[in-house]
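In this note's numbering, the protein residues as written are 969 to 1252.
Note that the Cβ used here is the ideal one computed from N, Cα and C, for glycine as well.
Below is one structure, written out as structure tokens; comments come after it.
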Ligand code: ADP
């Protein structure tokens, strides 16, 4: 398998969470497996976006022919980690007809009346789709745990439950790509400050985000437990350093491309006689 330009190691291998990895040791400013620099990124991103778009459309085309397989990208990260940028600049390169995007915020009153996986199940991709979860069921072991929204005996069993849920999904044909994006506290401060300085970014600013900064150590522990307990063979976590937006976008693009390639897709053959149709068209 050849590596794309500037990659010295396979992003999947480089970024996969390994038992014993510590969240506090993540160098959020690093570019694991990539020896290029920021000025290399625009051209490379454009090229790899094209590759992603081609594979994603192929998945969509196969889905239209009844292929039940799908891909689910799960994005987790603290506020300003760049989840929105991945959606816009990576997934946004694809064909919207085959993409199913869902963001998960504070549960609505209706959602609260159901099991926490209820809203997740409703948003799953169907055959041929690339589903994107901007936040996900993992909020139910992150924000919910850190803010004590439910007691430990309620969130504690969720790790096993999530593993079983994801196993069921993968067995039903969904390849799950779980991406945890990590930025430093200083980088977050800079990004929040940018949001405050720019009126066109005020819509992204939430005063509550500042409260979560004070809970950074608790979040770090919750992320550690999440990675330790839910990085499985069927649905591994990828840890993506995200202080450099250009790197995190390139990295997630490669993770998606690798996943789509592993499906060994090809364009669905015509289910009609092409030559006969050409003749019919020429005299139509
Ligand atoms: P974002 O902050 O990603 O732009 P929103 O403005 O919709 O998106 O807010 C998401 C907020 O909802 C986050 O603060 C997140 O922690 C919170 N949230 C998501 N899921 C849950 C949940 N299950 N329980 C409580 N809060 C949640």
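Residue i beta carbon near the ligand NAP (any heavy atom closer than 8 Å)
i: residue 1111; result: Among the ligands modelled here, namely the ligand ADP, the ligand NAP does not occur.
Residue i beta carbon near the ligand ADP (any heavy atom closer than 8 Å)
i: residue 1216; result: no
i: residue 1072; result: yes
i: residue 1107; result: yes
i: residue 1102; result: yes
i: residue 1146; result: no
i: residue 1075; result: yes
i: residue 1090; result: no
i: residue 1117; result: yes
i: residue 968; result: Outside the displayed span of the chain (969 to 1252) sits residue 968, for which this structure offers no information.
i: residue 1191; result: no
i: residue 1127; result: no
i: residue 1069; result: no
i: residue 1052; result: yes
i: residue 1168; result: no
i: residue 1162; result: no
i: residue 1124; result: no
i: residue 1141; result: no
i: residue 1206; result: no
i: residue 1062; result: no
i: residue 1066; result: no
i: residue 1099; result: no
Opposing strand residues paired with residue i [DSSP bridges]
i: residue 1045; result: 1149
i: residue 1040; result: 1099 and 1144
i: residue 1205; result: 1146
i: residue 1069; result: 1100
i: residue 975; result: 1002
i: residue 984; result: 1206
Rounded C-alpha distance that separates residue i from residue j
i: residue 1028; j: residue 1182; result: 43 Å
i: residue 1018; j: residue 1101; result: 22 Å
i: residue 1173; j: residue 1054; result: 18 Å
i: residue 1153; j: residue 1110; result: 17 Å
i: residue 1180; j: residue 1063; result: 35 Å
i: residue 1212; j: residue 1223; result: 17 Å
i: residue 1056; j: residue 1147; result: 16 Å
i: residue 1078; j: residue 1090; result: 13 Å
i: residue 1134; j: residue 1092; result: 11 Å
i: residue 1088; j: residue 1040; result: 12 Å
i: residue 1004; j: residue 972; result: 11 Å
i: residue 1007; j: residue 1214; result: 9 Å
i: residue 1058; j: residue 1013; result: 8 Å
i: residue 1168; j: residue 1251; result: 56 Å
i: residue 993; j: residue 1149; result: 14 Å
i: residue 1247; j: residue 1025; result: 28 Å
i: residue 1163; j: residue 1178; result: 13 Å
i: residue 1015; j: residue 1037; result: 25 Å
i: residue 1099; j: residue 1042; result: 8 Å
i: residue 1176; j: residue 1234; result: 46 Å
i: residue 1249; j: residue 1084; result: 54 Å
Cβ shell of residue i (< 7 Å), same chain only, five flanking positions each side left out
i: residue 1219; result: 979, 983 and 1208
i: residue 1021; result: 1061, 1062 and 1063
i: residue 1155; result: 996 and 1211
i: residue 1197; result: 1127
i: residue 1035; result: 1095 and 1096
i: residue 1236; result: 1029, 1030 and 1033
i: residue 1194; result: 1106, 1109 and 1110
i: residue 1112; result: 1118 and 1123
i: residue 1114; result: 1183, 1186, 1187 and 1190
i: residue 1009; result: 1214 and 1218
i: residue 1050; result: 1149, 1210, 1213 and 1216
Close beta carbons around residue i, own chain, < 8 Å, minus the five adjacent residues each side
i: residue 1138; result: 1144, 1202 and 1203
i: residue 1052; result: 1102 and 1172
i: residue 1073; result: 1103
i: residue 1227; result: 1039, 1143 and 1145
i: residue 1200; result: 1131, 1134 and 1135
Chain-order list of residues whose beta-carbon lies under 6 Å from that of residue i (same chain, five-residue window excluded)
i: residue 1192; result: 991
i: residue 1245; result: none
i: residue 977; result: 1001
i: residue 1159; result: 1048
Exercise for review: Report yes or no: do three or more beta-carbon pairs, one from the region 1199 to 1209 and one from the region 978 to 986, lie closer than 8 Å?
Suggested key: yes
Exercise for review: Mind the definition here: the region 1172 to 1192 touches the region 1042 to 1055 only if three or more C-beta pairs lie below 8 Å; say whether that holds.
Suggested key: yes
Exercise for review: Please confirm if the region 988 to 1000 is in contact with the region 1230 to 1246, defined as three or more CB-CB distances below 8 Å between the two stretches.
Suggested key: no
Check your understanding: Would you call the region 1065 to 1072 and the region 1119 to 1128 touching, i.e. three or more CB-CB distances under 8 Å?
Key -> no
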